[in-house]
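Encoded as structure tokens, the structure appears first; notes follow it.
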Amino acid sequence: MAHITEIVGQVSEQVARTALVCAGWTVAVPQTRESYDIVACDPVSREWKTFQVKTIKLRSDRRNEMVVYSRKGNGEPYTQPEVDYLIGVLGAKGDEAPRVWVFENSGLTEYWATEASAEKRWIELPLSIQREMYTEQTAAGPVEFAA
């Protein structure tokens with residue numbers, strides 16, 4: 524049986540991929556060991572970006588501030604050439620859905636935010652399909668894909 528940290532990490536990655544797809548990104552997973560977990564195509568610019576997924580920890584000793592620890596296995600931070608963005612996944616409690624934020628990698632080993640500061644500095648990704656991103660132009664006009 525897998526260790527709980529492995530299970531939590533895998534669930535966080537699945538949730539992060541789901542959130543990117545819901546926001547209109549085309550998502551791929553590398554087949555080789557890379558410094559990033561996900562590579563995805565921006566729905567607007569059509570540029571491919573890399574993402575490292577981390578589980579958000581709530582620090583009870585700091586008024587439940589959210590922290591994303593962003594170190595590689597060797598203890599060093601991810602650099603900008605290695606990873607474009609970090610995705611933090613806050614696990615669900617009870618009936619709540621998990622929450623997902625994305626933010627630019629600036630080479631730090633830790634990223635801290637309160638709920639209020641996360642709203643300003645991080646982008647929360649939806650976990651529901653943004654249907655306007657999945658509209659196909661046809662001769663008769665736009666047709667929405669059912670999902």
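Quick note: the sequence shown uses the working numbering, first residue 524, plus one each step. Glycine included, each C-beta is placed from N, C-alpha and C at the ideal position.
Coil, strand or helix - residue i by DSSP
| i | result |
| --- | --- |
| glutamine 533 | helix |
| lysine 643 | helix |
| valine 623 | strand |
| leucine 650 | coil |
| valine 606 | coil |
| threonine 637 | coil |
| leucine 613 | strand |
| valine 543 | Contrary to the premise, residue 543 reads as leucine rather than valine in this sequence. Helix. |
| threonine 528 | helix |
| glutamate 735 | No statement about residue 735 is possible, as the shown extent of the chain runs from 524 to 670 and does not include it. |
Residue i vs residue j beta-carbon contact at 8 Å
| i | j | result |
| --- | --- | --- |
| valine 623 | leucine 581 | no |
| glutamine 575 | aspartate 560 | yes |
| threonine 573 | valine 591 | no |
| serine 593 | glutamate 638 | no |
Pairwise C-alpha distance: residue j and residue i
| i | j | result |
| --- | --- | --- |
| alanine 525 | serine 535 | 15 Å |
| lysine 595 | phenylalanine 626 | 17 Å |
| asparagine 628 | aspartate 618 | 31 Å |
Residue i burial status per 10 Å Cβ neighbour count (16 or more: buried)
| i | result |
| --- | --- |
| alanine 615 | exposed |
| tryptophan 571 | exposed |
| proline 604 | exposed |
| arginine 540 | buried |
| lysine 577 | buried |
| proline 553 | exposed |
Residues bridged to residue i (per DSSP)
| i | result |
| --- | --- |
| alanine 563 | Val550 and Lys572 |
| leucine 581 | Met589 |
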